[in-house]
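What the sequence shown shows, in the working numbering, is residues 16 to 205, in sequence order.
All C-beta atoms in this analysis are idealised placements derived from N, C-alpha and C, irrespective of residue type, glycine included.
Everything below concerns the one structure shown next.
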Amino acid sequence: MLKRLKTVAVIAFAMTVFSGNARAGYVEISATGSYRTNTVNEYTYSRTQSVTSSVAYYFWEMSALEISYTDALSRSYGRTPISGQDYVETSRVRLFGADLVLSFAGRQSSFRPYIKIGGADQQKTWIYEEGLVNTRVDTQGFSLTGGFGFKFLLSDHFAIKAGVDAWSNPLSEPNRIVDYAANAGISWMF
């Protein structure tokens with residue numbers, strides 16, 4: 016993880032130092048998140064939470080390179096009807112990615128829709144625990160990512176944002192599965 020952070024710092028520094036006057040040259044820092052709870056009955060319920068932080072460098076007025084980190088955790092609790100055993104099912108996804116972001120409005124526009132496409136290093140863990148039975152499946156690899164959304168500026172430097180992000184399972188896996196998440200958050204532009 017430290018090696019990845021160093022790489023991101025070097026890329027951000029190089030983009031800042033070597034950007035010319037013809038480029039937009041501003042930075043956006045964002046944080047988005049989601050939380051969900053579902054309850055079926057007193058024995059069966061689930062909790063899901065996700066947090067994403069990102070830094071985007073706008074090298075042109077409506078084009079940016081965005082580096083992001085996502086950590087999503089989901090836990091389901093229940094009781095099996097046949098055995099009466101309690102179980103816990105845990106799923107965790109971590110994505111460290113880079114996306115090309117294309118906005119459909121300039122920096123001064125108060126409403127800015129966008130799309131993005133890129134890739135991420137994905138770590139996915141699934142754990143099932145029931146009595147003495149514990150099952151764990153770990154996958155890791157490069158995934159394709161994409162998304163769309165909008166930003167609504169509240170001031171020159173502050174915006175709220177909402178969107179949908181999608182990512183494939185690692186490309187090394189035989190079956191193509193796409194996960195997605197809706198999110199909302201805030202952004203600061205410098």
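Asked	Found
Does isoleucine 44 come out as helix, strand or coil in the three-state DSSP assignment?	strand
I need the straight-line Cα distance from threonine 59 to serine 124, nearest angstrom please.	46 Å
Report the CB separation of glycine 93 from tyrosine 84 in whole angstroms; it is logged as a contact under 8 Å.	With a Cβ gap of about 31 Å, glycine 93 and tyrosine 84 do not count as contacting.
Roughly how far, in whole angstroms, is the beta-carbon of tryptophan 182 from the beta-carbon of threonine 160, given that I think they are within contact range, below 8 Å?	5 Å
Considering only residues of the same chain and omitting the five flanking positions on each side of alanine 120, which have a CB-CB separation below 8 Å?	Met77, Phe126, Arg127 and Pro128
Return helix, strand or coil for proline 189, following the three-state DSSP convention.	coil
Thinking C-alpha only, which one of Val66, Asp171, Lys166 and Asp86 is nearest lysine 139?	Asp86
Name the one or two DSSP bridge partners that glutamine 64 has.	Tyr50 and Leu88
DSSP three-state label for valine 55, please.	coil
Return yes when the Cβ of arginine 90 is within less than 9 Å of the Cβ of serine 68, no when it is not.	no
If we ignore side chains and look at the alpha-carbon of each, how far apart do valine 42 and phenylalanine 167 end up?	16 Å
Rank Val55, Ser170, Phe163 and Ala113 by C-alpha distance to the C-alpha of tyrosine 195 and give the top, closest one.	Phe163
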